[in-house]
C-alpha cells in the first residue's frame, strides 16, 4: 500500500494544490482506496470522551470539508476523522489561489475562508454513515469515531446562535463536535477566543445539546499567554470535554525557504510545530488533567506522536504531513510509535500518558 500511496502522492503533486485536493477527495469517494480498514494492534487503542479510538492519530479538519469521503478516509487507518469546517449556509470562501504547498519547509499555507457546502447538505451526507453496512463508520464498537468541526459564515453571523444551532444539527451523526474559533481566514473569528465570548457560545450550546455529544474547542497557537487560563477555566466551567491545540498560525518563523512563504493565510506543518508544542505545554500546565487535549501542528513521525503524548496530549491530529507525504505516513508513524513503545516497555497509549503524569 505504501508504494502505491507514494506514487499517488507524487502524481497529485503535479497538479495545483486545490485541484489535487479535489482529485483526492473524488478518488476516495469513488472507492480508489482500501476496501477494508486494516485493524490496529490493541496497544494503540485508547479511550477518551466516552469513545474508543483504534489508534491515537486522527485526521484534522480541513481535508474533508464537506463530509464527502469520511468512510474511505477512515479505511486509510486514521484513529478518527474530523470533517468540516462546515458553516450554517453555503459559501464559496476566499478567491483562488488560496492553497499553497511549501515542500522545502514541510508546510502548507491556506486562506480557504471556510468554503463550505452548508450544514444542510453536510448533514445529509453524514446521515448516510449511519446506514447499516459492512465496515461502516459511526458510533459503536469497532467503528472509527467521526468528529464535526463547526464554523460561522463570513457575513451575517450570530456566533452564539450559529454554533448552538450547528451542534444541534450535527449531534445525531457526530461522535464529537469541535467549535472552531481559531481559523485566521474568517475576519473577526479569532476575536471570539476570549472567556466572555466563549462563555456566551457555550451557554447557548448547552441549551441545544441535550444528548451531551462530546464538545471540543480548537484554539490558535497565537493566543497571548494571559488569555490561556481564562479560556481554559471557562471551558471547564461550561462542560467542554477537550481542546485541540492548535490551529494554523499567522506568524512566519524565520528561515522559511519556499517560494510561497510570504503568502497570506494560516501556516501549518513543520514550522508550526514549535508553537503548537509550546501551546500544548502551557495548556497542559493549566488544565492539570481536567480536559482532554488533542495535539495538532507539525506532527510528522511516530517520535512526534510520542513526544506530544508525553507532553500531555491524549491524541494527535495530522494534516500537512498527510497531504505532503501521502497516506503511507500513517503506517510509518504507527510503526515508529510502536517501536518506541517496545523500547520503553510501554504496553499501551495509556501507559505513555501515565508515565507523563508520573
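Numbering (this note's numbering), first residue to last: 507 to 864.
Virtual Cβ for every residue (Gly too), placed ideally from N, Cα, C.
Within the segment 573-605, complete alpha helix (DSSP H) segments of at least 4 residues are found at 576-581, given in chain order. Bounds of the alpha helix (DSSP H) holding residue 826 are 826-831.
Residue 600 is classed as buried because its beta carbon has at least 16 other beta carbons within 10 Å across all chains shown. Restricting attention to 596, 511, 766, the CA atom closest to the CA of residue 613 is found in 766. Burial is judged here by how many other beta carbons sit within 10 angstroms of a residue's own beta carbon; residue 717 has fewer than 16 and is exposed.
Beta-bridge annotation (DSSP): residue 774 is paired with 614. If you draw a 10 Å sphere on the C-beta of residue 840, you find 16 or more other C-beta atoms in it, and that means buried.
Secondary structure of residue 835 (DSSP, three-state): helix. Counting the other Cβ atoms within 10 Å of the Cβ of residue 616 gives 16 or more, which makes it buried.
Assignment of residue 555 by DSSP, reduced to helix, strand and coil, places it in the coil class. Look at the beta carbons and you see the segment 756-764 not touching the segment 807-818: under three pairs across the two are nearer than 8 Å. Measuring C-alpha to C-alpha distances from residue 740 to each of 753, 730, 709 identifies 709 as the nearest.
Pairwise C-beta distances place the segment 587-598 in contact with the segment 650-663, as three or more of them are shorter than 8 Å. Residue pairing of residue 748 in beta bridges, as defined by DSSP: 722, 798. Counting only residues of its own chain and dropping the five nearest sequence neighbours on each side, residue 633 has a CB closer than 7 Å to the CB of 679.
Less than 8 Å divides the Cβ of residue 800 from the Cβ of residue 750.
As DSSP reads the structure, residue 673 sits in no beta bridge. By the Cβ rule, the segment 723-738 counts as touching the segment 693-704, because three or more pairs are nearer than 8 Å.
Out of 528, 786, 743, the CA that lies nearest to the CA of residue 821 is found in 786. In the three-state DSSP reduction, residue 533 falls in the helix class (H, G or I).
Ranked by Cα distance from residue 745, the first of 623, 712, 768 is 712.
Here residue 823 carries a strand assignment [DSSP, helix/strand/coil]. Around the beta-carbon of residue 570, 16 or more other beta-carbon atoms lie within 10 Å, marking it buried.
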